[in-house]
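Trainee: Next up is a structure, given as structure tokens.
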Amino acid sequence: MNDDVLLLGGKEFSNRLLTGTGKFGNHGQIPKMLAASGSQMITVALRRVDISAQSENILEYIPKNVTLLPNTSGARNAEQAVRVARIAREAGCGDFIKIEVITDMKYLMPDNWETLKATEILAKEGFQVLPYVLPDLPLAKRLENAGAAAVMPLGAPIGTNRGLETKPLIAMLIENASVPIVVDAGIGKPSQAAAAMEMGADAVLVNTAIATARDPEAMGRAFDLAVKAGRTAYLAEMAEASTLARASSPLTGFLDE
Amino acid sequence: MSFYKVVEQYRDFDVPNFFDQVSDEDIILSLAKEKPGPMDFLTLLSPRAAGHLEAMAHKAHQLTVQYFGRTIQMFIPLYISNHCNNGCAYCGFNHKNPILRRKLSLEEIEIEAKAIAKTGMQHVLFLTGEAQHMTPMSYLVDAAQLLKKHFASVAIEVYPLEIEEYRQLYKAGVDSMTMFQETYDEGVYKRVHLAGKKMDYNWRLNGPERAAKGGMRVVNLGPLLGLSEPRREMFFTGLHANYLENKYIDTEVAISLPRFNEAEGDFQPDYLVNDKTFVQFMTALRIFLPRSGLTVSTRENANFRDRILPLGVTRYSAGSSTGVGGYTEIPDGQTPQFEITDARSVAQVADAILAQGYQPIYKDWDCI
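Chains as they are written, first to last, in this note's numbering: chain C, 39 to 295; chain V, 116 to 483.
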């Protein structure tokens, strides 16, 4: 598996589990979780980063060898997302940006329209844009054309732990996209992460399920193993599940003898 | 349509009779629902549901961790004026109270802001009484712009405004507004609000909705528990939040549960809410409205605040002074709006939050 690298935004990653910094009961758990999970990219809400450094700075808990993926959480339109992205870059958070535009505080569904607008602007400014969207194939194609570095469809609404409820829609993206597909949001269990990888997702992003586990470090490790298992299965080209039983010695084999 | 239509819809609803009919099976059913409705919420507010408090607490805890994580967002109030024309029977700032009246100048606000910013606080809530001639819109806008220089997030708890005025304050850097209806019972409302513009029940009731229309990101509601029958008050508070959440999906709705505390003027509330009932209210709210913010202020004492952390709270005030100019001066002769019972510093509250396995959040949004 060593040569199985994920190329994302011009950077190579040997680990396909992306993690997040939100919801931890103590920021001190973050570096331990990163070490245990092997995650090489972590998303952080710029809304919670204190650039003026008057209070505790969450960035201090992220080791230098882990790539930062600042996100625009809290933005309610493209304009705000663009501003947050520019501030993140100026603050030294790098060129990666996860666009998260949410105009619905009830279900926290991404606003695909505003997200596309922000992606168009930021990709032109040289950002490596990872838009968080409701899976929609025509939209994914527009995002690609706009220069997105990946597309991040949700499995289920943020924080719901409901798993791959949008599976058939994500499958369309996987089949047709030319950029990596990173399943983001809704993954509540390692088995669901494995399922996303088995179906051919390039990576998954998991935050709530790890951060709110009683032992985030152990849960990080569990997700790492699940992602690796799912990826390995995908590469091994699993036999399709079938409703018909298939005998390991074909019943009609004798006809060809 | 305004929320008043919902008030009318339930005004004559026989709550005591409904409570008499509630069975343990009803409570278990309401608790098990994925999407509890208003009647499930009322079921969980019933006296009988107190017998299911542990199960309610577990569900509230699980939902809060799921949607908010183990985090508590912190903010600090800043009283910039106690001038008030209203005659609220329960309030220390009542126009009839012979207290020292004061309005901070912009220079004084800046001195206070600097003192607060040193504690690490980045979310500030500024408050005034209702005295438009003393604290007009122009003053509020100036205060907001000034505070925005020192804080990531600025919130207001001032008299009710017009939509356009909320919009103006939003542009000046204010992202959240707080407004307590005090009581949803119109009869009681009339009895305790004896002078000033606050006598107009509907003008106040629709304040949060006007704020949402004016672009405020967060709208924080609440009753003042003790004025009217508390279970009924909680029911209307939940309905109000639910109404706003459904109608303004881009507005974050939060709820406070202030309960009676001593204030100037020897007001005796008709009802007292004990700790157990308070926790029942808090957990019922969380179950009914899983994504709403829940704010608990320093009206509650330190020990109680530490214990209720896992039960649904998402926001804490800390290091508060409820007098005007209270952060930089010894408030001589100053009468607070209400008494504080958690007098710990910002750092002490943050440490207590950490000790409970929760992460204090100093900054959660910057209205850039």
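Quick reminder that beta carbons are idealized off the backbone N, C-alpha and C, glycines included.
1) Do Met349(V) and Phe295(V) come within 8 Å of each other at the CB atom, strictly closer than that value?
2) Give the secondary structure of Met331(V) by DSSP, where H, G and I count as helix, E and B as strand, and everything else as coil.
3) What residues from chain V crowd round Thr141(C), counting only those whose CB sits closer than 8 Å?
4) Can you give the Cα-Cα distance for Arg252(C) and Tyr99(C), rounded to whole angstroms?
5) Would the region 222-229 of chain C and the region 255-272 of chain C be scored as touching if the rule is three or more Cβ pairs under 8 Å?
6) Give me the chain V residues within the contact set of Asn199(C), using Cβ-Cβ distance strictly less than 9 Å, ordered along the chain.
7) Return the chain-ordered list of same chain residues with a C-beta closer than 6 Å to the C-beta of Val388(V), the five sequence neighbours on each side being excluded.
8) Any C-beta of chain V within less than 8 Å: which residues of the region 209-242 of chain C qualify?
9) What does Lys144(C) reach in chain V if we use C-beta pairs closer than 8 Å?
10) Check distances from the C-beta atoms of the region 98-119 of chain C to those of chain V and list, in chain order, the residues that come in under 7 Å.
11) According to DSSP, Val189(C) sits in a beta bridge with which residue or residues?
12) When the Cβ atoms of the region 256-272 of chain V are set against those of the region 308-317 of chain V, are three or more pairs found closer than 8 Å?
13) Determine the DSSP secondary structure at Glu379(V), reduced to helix, strand or coil.
14) Using 10 angstroms around the beta-carbon of Thr410(V), count the other beta-carbons present and answer buried if the total reaches 16, otherwise exposed.
15) Measure the alpha-carbon distance for Phe266(V) versus Arg180(C) and round it to whole angstroms.
16) Pull up the distance between the alpha-carbon of Ala83(C) and that of Asn245(C), whole angstroms please.
17) Buried or exposed: Tyr299(V), going by 16 or more other Cβ atoms within 10 Å of its Cβ?
18) Secondary structure at Tyr145(V), three-state DSSP: helix, strand or coil?
19) For chain C, find out if any of its Cβ atoms is closer than 8 Å to the Cβ of Thr186(V); answer yes or no.
20) So is Pro169(C) buried or exposed if we call it buried at 16+ other beta carbons inside 10 Å?
21) Buried or exposed: Phe403(V), going by 16 or more other Cβ atoms within 10 Å of its Cβ?
22) Chain C beta carbons: is any one of them nearer than 8 Å to that of Gly472(V)?
23) Considering only the beta carbon of each residue, do Gly184(V) and Gly60(C) sit closer than 8 Å?
24) Cutting at 8 Å between CB atoms, please list the residues of its own chain near His176(V), excluding the five before and the five after it.
25) Please name the residue, chosen from Glu128(C), Glu182(C) and Thr110(C), that lies closest to Pro319(C) on a Cα-to-Cα basis.
26) Measuring only the C-alpha atoms, how far is Gln463(V) from Ala470(V)?
27) Give the residues from the region 52-67 of chain C that approach chain V closer than 8 Å (Cβ to any Cβ), ordered along the chain.
28) Measure the C-alpha to C-alpha separation of Ala356(V) and Arg86(C) and round it to an integer number of angstroms.
29) Within 8 Å, do at least three Cβ pairs link the region 355-372 of chain V to the region 129-143 of chain V?
30) Inspect the CB distances between the region 230-243 of chain V and the region 191-199 of chain V and report whether three or more fall short of 8 Å.
31) Kindly identify the DSSP beta-bridge partner or partners of Lys136(C).
32) Taking the CB atoms as reference points, tell me whether Arg319(V) and Pro275(V) lie closer together than 8 Å.
33) Are Gly112(C) and Tyr182(V) closer than 8 Å when you measure CB to CB?
34) If you measure between the beta carbons of Ile226(V) and Thr443(V), is that distance less than 8 Å?
35) 8 Å is my cut-off, CB to CB: does Thr250(C) come that close to chain V?
36) Rounded to a whole number of angstroms, what is the C-alpha to C-alpha distance between Met71(C) and Ser220(V)?
Mentor: In short:
1) no
2) coil
3) Ile364 and Asp365
4) 19 Å
5) yes
6) Gln181
7) Leu340, Pro345 and Arg374
8) none
9) Glu360, Asn361, Ile364 and Arg406
10) Gly112 and Arg114
11) Ile219(C)
12) no
13) Confidence is the limiting factor: at Glu379(V) the pLDDT is only 49, short of 50, which leaves the residue's position unreliable, though a coordinate-based value still follows. Correct three-state label for Glu379(V): coil.
14) buried
15) 38 Å
16) 12 Å
17) buried
18) As written in the sequence, residue 145(V) is Ser, which differs from the Tyr given in the question. Helix, per DSSP.
19) yes
20) buried
21) buried
22) yes
23) yes
24) Pro425, Leu426 and Gly427
25) Because chain C is modelled from 39 through 295, residue 319(C) falls outside the range shown and cannot be assessed.
26) 10 Å
27) Gly60, Lys61, Phe62, Gly63, Asn64 and His65
28) 26 Å
29) no
30) yes
31) Asn109(C) and Leu168(C)
32) yes
33) no
34) yes
35) yes
36) 49 Å
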